[in-house]
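Residue numbers (the UniProt record's numbering): 1 to 194. Here the structure is laid out as structure tokens; the discussion comes afterwards.
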């Protein structure tokens, strides 16, 4: 095992997080990047804390999300940076967003339970879209006749919305505070956080 200076360790971790294309944990940094070096988890955490501080007040930040650490443009620049992307952010129907919210807040939940709360049928296209985005997965089956699938959110959902856990979801508004219109026709925009 080789030793490594603090400066080189910080530079190497910074470069790895910059090019990784996915969040990295302390363990993945240690096992994939620093395998040949004598580095403790505590030392890697200190480097991540230092990098987080170094990027404060800049255009990008080092964030901890559910799957690890990643660099991300700060939220206040998202509207201006959207001009750099040729593709527009996907537009999601209100029905899809309501279904996703119900899964996030009530998980694990069945399709029938979602329909009961929303008062309308949930199309298979909505569940398919959420599954293809890897925001939702089947986590089991409810022990009732027909054994319907139980749905829950994934770490990819948390990562997309820059959350480390479901506890960071905003508090639900009471139903009386919402003005619910036509569930399936009002489009809603969800913009990329990166």
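Even glycine gets a Cβ: it sits at the ideal position worked out from N, Cα and C.
Residue i burial status per 10 Å Cβ neighbour count (16 or more: buried)
i	result
residue 95	buried
residue 68	buried
residue 173	exposed
Whole-number beta carbon distance between residue j and residue i, since they are thought to touch under 8 Å
i	j	result
residue 166	residue 104	7 Å
residue 163	residue 66	6 Å
Reduced DSSP secondary structure (H/G/I, E/B, other) of residue i
i	result
residue 6	helix
residue 20	coil
residue 39	coil
residue 78	helix
residue 29	helix
residue 63	strand
residue 110	strand
residue 115	helix
Range covered by the beta strand (DSSP E) that runs through residue i
i	result
residue 70	68-73
Residue i - partner residues in DSSP beta bridges
i	result
residue 122	Answer by DSSP bridge pairing: none, since residue 122 is not bridged.
residue 140	150
N- and C-terminal bounds of the alpha helix (DSSP H) containing residue i
i	result
residue 94	94-106
residue 156	155-160
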